[in-house]
Amino acid sequence: MSSRTVEYIRYTIPADGAEAFVAAYERAAGPLAASPQCVDYELRRCEEEPESFILRITWTSTSDHTETFRASAEFRSFFTEISPYVKHIEEMRHYAPTGVAGQGAAVPTLYAWAGGEKIFERLTDAFYARVVADDLLGGLFKDLPAEHARHVGAWIAEVFGGPKTYSEQLGGHQHMASKHLGKHITEAQRRRWVNLMQDAADEVGLPTDAEFRSAFLAYIEWGTRMAIYYSNDVSDEDCPPVQPMPSWGWGVPGGPYQP
1 MSSRTVEYIR YTIPADGAEA FVAAYERAAG PLAASPQCVD YELRRCEEEP ESFILRITWT
61 STSDHTETFR ASAEFRSFFT EISPYVKHIE EMRHYAPTGV AGQGAAVPTL YAWAGGEKIF
121 ERLTDAFYAR VVADDLLGGL FKDLPAEHAR HVGAWIAEVF GGPKTYSEQL GGHQHMASKH
181 LGKHITEAQR RRWVNLMQDA ADEVGLPTDA EFRSAFLAYI EWGTRMAIYY SNDVSDEDCP
241 PVQPMPSWGW GVPGGPYQP
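Take a look at the structure:
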């Protein structure tokens, strides 16, 4: 997968040209957004020094920007709009991620919004009470160990921003993925799993606001589709690689999978 890079371009624009500068970037945004190499972009103006502007563009990779994009028709249209302002550039550099990243407390995690640890324990207890008695899923979950529901609750809680109990004490992503090897889960079973989890969410009182439930269901859809993949397309010999735990937020986590 390409390594995304963030380009920062810092401008100093005379006060009498600021309105035209922003208008030029509004026009340039069309071809920029149409570029397959552009992930996202944003132009910001300094509050303390209004003549200072910073353009941030996330590219699929540095080479995708400097080689592919700059050879494209989109770049020619983009550059036509912003070329009068090139002389005002103070900095133009690419920055790679360091791994230091996170969210502040201004936006609560899904875990906190849902109500914390106890709600996820109740959720998985209610879910597995349904599963073991279900005619389609019961066979997959017979003879479950007593701690199974708690472990799954810890997994979902961590995915939604809670304590790192599953990754630090219960084996992390690789352990969870390996539990599905050879199960040969069907699409009908996956859909039943999703429906029963939603029923359990209603029973235990998970928040019903549209934003939370859409994020919750998005993860359940993603997770069950990954379970089908591991149960049918990955063998013991191809044991799932060590990967970080999924981390789910209020929106799409990172766009479509790119091999």
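Numbering follows UniProt numbering, in which position 202 of the sequence shown is assigned residue number 202; successive positions increment by one, without gaps.
Backbone N, C-alpha and C fix where the C-beta goes; we use that ideal spot for every residue, glycine too.
Note that the structure is a prediction, hence the values are computed from the model and not measured.
Pairing I185 with F21, the inter-Cα distance amounts to about 56 Å. For the pair I220 and V194, the Cα-to-Cα distance works out to about 6 Å. For D238, the secondary structure class from DSSP, reduced to helix, strand or coil, is coil. If you compare the alpha carbons of L206, G115 and S77 with that of A28, the shortest gap goes to S77.
Counting only the Cα atoms, P207 lies some 47 Å from A73.
Under the three-state reduction of DSSP, S247 is assigned to coil, being neither helix nor strand.
Inclusion of T60 and R4 in the CB contact set at 8 Å is warranted, their separation being smaller than that value.
Note that the C-beta distance between F120 and G153 is below 8 Å.
The C-beta distance from S231 to H180 rounds to 4 Å, short enough to fall under 8 Å.
Counting only residues of its own chain and dropping the five nearest sequence neighbours on each side, H151 has a CB closer than 6 Å to the CB of L170. Contact check between the stretch 43-54 and the stretch 98-113: fewer than three CB pairs, one atom from each, fall below 8 Å, which does not count as touching.
By the CB criterion at 8 Å, C239 and S178 fall inside the cutoff. E158 is the residue among E187, E158 and R192 whose C-alpha sits nearest the C-alpha of M176. Of the candidates G30, A24, P50 and T58, T58 places its Cα closest to the Cα of V39. Between A200 and F141, the C-beta spacing is not below 8 Å. Judged by their CB atoms, L137 and Q103 are not nearer to each other than the 8 Å cut-off. In chain order, L43, L55, E81 and I82 place their CB closer than 8 Å to the CB of Y25, counting only its own chain and leaving out the 5 sequence neighbours on each side. If you keep only unbroken alpha helix (DSSP H) runs of at least 4 residues inside the stretch 77-164, you get 110-114, 117-131 and 148-159. Collapsing the DSSP output to three states places I54 in a strand.
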